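Report on the structure given below.
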Amino acid sequence: MATDFQIAVRSVVSRNPATGETLREIACTPEREIREAVARARAAQPAWSDMGVRRRGAILKNFQRLLLERKRSVAELISREAGKPYAEALTTEIVVVLDSARFYIESSLALLRDKRLPHGSLAMKAKSGRILRQPYGVIGIISPWNYPFSIPATEGLCALAAGNAVVVKPSEFTSLAALELADLLHAAGVPSDVFQVLPGDGATGAALLNCEIDKLIFTGSVATGKRIGEAAAAKLLPVVLELGGKDPMLVLEDADIEVASSGGVWGAFVNAGQTCLSVERCYVHRKIFDRFLEACVQKTKQLRLGNGLDAATDIGPMIHERQLRIVEQHVEQAQALGARVLTGGKRLSELGPNFYAPTVLSDVTHEMVVMREETFGPVLPIMAFDTEEEAIQLANDSEFGLSASVWTKDRRHGEAVARRLAAGIVQVNDAVSCFGISEAPHGGIKASGIGRTHGRFGLDEMVRIKYVASDLLPGMKKIWWYRYGTEFTNKIEGVLDLQFATSIGKRLRGALRSVGGLLGKQL
Ligand code: NAD
Numbered sequence: 002m003a004t005d006f007q008i009a010v011r012s013v014v015s016r017n018p019a020t021g022e023t024l025r026e027i028a029c030t031p032e033r034e035i036r037e038a039v040a041r042a043r044a045a046q047p048a049w050s051d052m053g054v055r056r057r058g059a060i061l062k063n064f065q066r067l068l069l070e071r072k073r074s075v076a077e078l079i080s081r082e083a084g085k086p087y088a089e090a091l092t093t094e095i096v097v098v099l100d101s102a103r104f105y106i107e108s109s110l111a112l113l114r115d116k117r118l119p120h121g122s123l124a125m126k127a128k129s130g131r132i133l134r135q136p137y138g139v140i141g142i143i144s145p146w147n148y149p150f151s152i153p154a155t156e157g158l159c160a161l162a163a164g165n166a167v168v169v170k171p172s173e174f175t176s177l178a179a180l181e182l183a184d185l186l187h188a189a190g191v192p193s194d195v196f197q198v199l200p201g202d203g204a205t206g207a208a209l210l211n212c213e214i215d216k217l218i219f220t221g222s223v224a225t226g227k228r229i230g231e232a233a234a235a236k237l238l239p240v241v242l243e244l245g246g247k248d249p250m251l252v253l254e255d256a257d258i259e260v261a262s263s264g265g266v267w268g269a270f271v272n273a274g275q276t277c278l279s280v281e282r283c284y285v286h287r288k289i290f291d292r293f294l295e296a297c298v299q300k301t302k303q304l305r306l307g308n309g310l311d312a313a314t315d316i317g318p319m320i321h322e323r324q325l326r327i328v329e330q331h332v333e334q335a336q337a338l339g340a341r342v343l344t345g346g347k348r349l350s351e352l353g354p355n356f357y358a359p360t361v362l363s364d365v366t367h368e369m370v371v372m373r374e375e376t377f378g379p380v381l382p383i384m385a386f387d388t389e390e391e392a393i394q395l396a397n398d399s400e401f402g403l404s405a406s407v408w409t410k411d412r413r414h415g416e417a418v419a420r421r422l423a424a425g426i427v428q429v430n431d432a433v434s435c436f437g438i439s440e441a442p443h444g445g446i447k448a449s450g451i452g453r454t455h456g457r458f459g460l461d462e463m464v465r466i467k468y469v470a471s472d473l474l475p476g477m478k479k480i481w482w483y484r485y486g487t488e489f490t491n492k493i494e495g496v497l498d499l500q501f502a503t504s505i506g507k508r509l510r511g512a513l514r515s516v517g518g519l520l521g522k523q524l
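The numbering of the sequence shown is my numbering, which starts it at 2 and goes up by one.
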């Protein structure tokens, strides 16, 4: 029967954050369609897995070739939808994904192959064991807007290489970049049910979590990550959580001020500071503090803000008004507590709706939210320290632990400091860039998340580890089988002495007792 009312359909809107122009409005994927998509992924996955690593690798190679060919149009789309400079769309999205494909094409065969597992248990000497890495089945990916192509792509390639089907729920702000990724993968030969993108909002993500997926790879904020962790715990769904950060930069007394200030300015402002690995707080040895601060201020003043598609743009807009308000609040609260704004500190409405001037703050303390909570915007707060102990303690005084950087001319010393920093990733004399090293594990500790993506550790997150042990003496009953009694304990004690006793005499006696046992009469 026809009804005269319509059920409201939620939708997501992709906008150019530099201009506010609507790029496309897309209906959120309804719950029923999410369930159907997951069911189709499950049905298609065995054939994808059975295809084998080599043939999947050939398809990933096609994808790599297509992406290289279409790099301009894809980078332009990313720049238009996420606001970032075209140069960054190339370096932090296209280059990262091409290299990630290279890694899985080159390494999956060796990393996924069955591996013999030698063991040292004397009693089990007749067992030969192997480790199998088997795909989970259907991997759900929920991704954020700040790297709208490289995050779902690197995680998706990893899951596909391992033989999984993938269902992606991209950010509500950047559906187009994810849909473009799906197009490229399908054109390369990945079956359409093996890689699916389901546009939608947070509720769409929550609905995906409720479906029969086998694992979820989530990248986003700590608040959402905790909600997802709770929902996943209730159904014992394994998850990887790649969450926020408050990454410290430590500039030691012997650092090259010219290099470190350039690195700090880039690390804080790349992608308008909307990078999980951004330099969010900077600690500088007091002896070089003034010179470092001055260099950062001068370099920040030279940065050119504008539309990401303009070749002469260093910094684009922030993603939306809500994110910009967080930045304003952090800077305002810091100022109220005594921080000085050395440059920036204001929105630039004359450029477009979401522009905020890159900002350098001094006279900051750990009482300020700008030193404690993720700002996720173009703000570089800089604080002096007197001793390295103090710097390490300040760096570790955070609920987050994603990445950190140490700047020094003494590499060994930098690496020694790196050991003491509470973070999943530490770079010496650079920041942020290790996201582009496809072999390097990506992920944090503390509130920054659980598990790893990228590299061999990321690949291990996409497989179930299975141990298969075969008995090499199948015609022999085992000494630990029934029946128990003094003869049984005698045998076991013999084996224990044979393997663990410290005197040779005891070990020999143990050998005799256990050999006797081997010939004993089990049930
Ligand atoms: P967000 O948490 O708001 O959203 C992330 C994704 O989760 C989106 O797709 C969103 O629609 C979805 N979502 C929201 N509520 C949900 C729910 N209840 N159930 C399921 N899905 C839900 O994060 P954001 O603003 O898109 O991204 C910025 C954050 O991501 C920052 O904190 C940043 O540090 C973090 N991030 C971390 C990494 C990393 O690798 N550690 C990388 C990039 C971004």
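C-beta: ideal position from N, C-alpha, C; glycine also.
If you're wondering where the values come from, they're calculated on a predicted model, not measured in any experiment.
Rounded to the nearest whole angstrom, the CA to CA distance from Leu310 to Arg16 is 14 Å. Here the distance from the Cβ of Gly452 to the nearest heavy atom of ligand 1 is not below 8 Å. Inter-segment contact for the region 463 to 479 and the region 445 to 452 is absent: fewer than three beta-carbon pairs are separated by less than 8 Å. In terms of side-chain proximity, the C-beta atom of Glu32 is found no nearer than 8 Å to any non-hydrogen atom of ligand 1. Within the same chain, and ignoring the five residues on either side of Met384 in sequence, the residues whose Cβ sits closer than 6 Å to its Cβ are Tyr284 and Val365. Residue pairing by DSSP places Thr23 opposite Arg16 in a beta bridge. The closest heavy atom of ligand 1 lies 8 Å or more from the beta carbon of Asn355.
Taking 9 Å as the cut-off, the beta carbon of Val168 is found no closer than this to the beta carbon of Leu180. DSSP places Gly130 in the strand class (E or B) of the three-state scheme. If you draw a straight line from the Cα of Gln275 to the Cα of Met372, it is about 16 Å long. Annotated as distal: Cys29 and Ala232, with beta-carbon spacing of 9 Å or more. Within the region 395 to 425, the complete alpha helix (DSSP H) segments at least 4 residues long are 412 to 420, listed from N- to C-terminus.
Taking 8 Å as the cut-off, one finds at least one heavy atom of ligand 1 near enough to the beta carbon of His443. Collapsing the DSSP output to three states places Tyr284 in a strand. With at least 16 other beta carbons inside 10 angstroms of its own, Trp146 counts as buried.
Bounds of the beta strand (DSSP E) holding Thr220 are Lys216 to Thr220.
At least one heavy atom of ligand 1 lies less than 8 Å from the C-beta of Gly206. In the assembly as shown, Phe104 is a buried residue. Its beta-carbon has 16 or more other beta-carbons within 10 Å.
Counting C-beta pairs closer than 8 Å gives three or more between the region 287 to 306 and the region 255 to 265, which meets the contact rule. For Glu243, the enclosing beta strand (DSSP E) begins and ends at Val240 to Glu243.
Rounded to whole angstroms, the separation of the alpha carbons of Arg134 and Ile229 is 26 Å. Distances taken from the Cβ of Lys170 to the heavy atoms of ligand 1 include one shorter than 8 Å. Relative to ligand 1, even the nearest heavy atom lies 8 Å or more away from the CB of Thr376. Under DSSP, Gln197 forms a beta bridge with Val168. Excluding its 5 nearest sequence neighbours in each direction, His367 has C-beta neighbours in its own chain below 8 Å: Arg373, Leu395 and Asp398, listed in chain order. Val271 and Glu34 have their alpha carbons spaced roughly 37 Å apart. Taken from the Cβ of Val167, every heavy atom of ligand 1 lies 8 Å or farther away. Residue pairing by DSSP places Phe386 opposite His286 in a beta bridge. Nearest to Gly130 by alpha-carbon distance, out of Leu381, Val433, Val469 and Arg484, is Val469.
Shown here, Arg117 sits in a strand according to DSSP, grouped into three states. Remark: the shortest separation between the CB of Ser439 and any heavy atom of ligand 1 does not fall under 8 Å.
Per DSSP, reduced to three states, the secondary structure at Ile493 is helical. Residues of the same chain with a CB within less than 8 Å of the CB of Glu77, apart from the 5 flanking positions on each side, are Tyr87, Ala90 and Leu310 in chain order.
Contact between the region 136 to 144 and the region 205 to 224 is established, with three or more Cβ pairs separated by less than 8 Å. In the displayed model, Gly353 falls within coil according to three-state DSSP, outside both helix and strand. Secondary structure of Ile142 (DSSP, three-state): strand.
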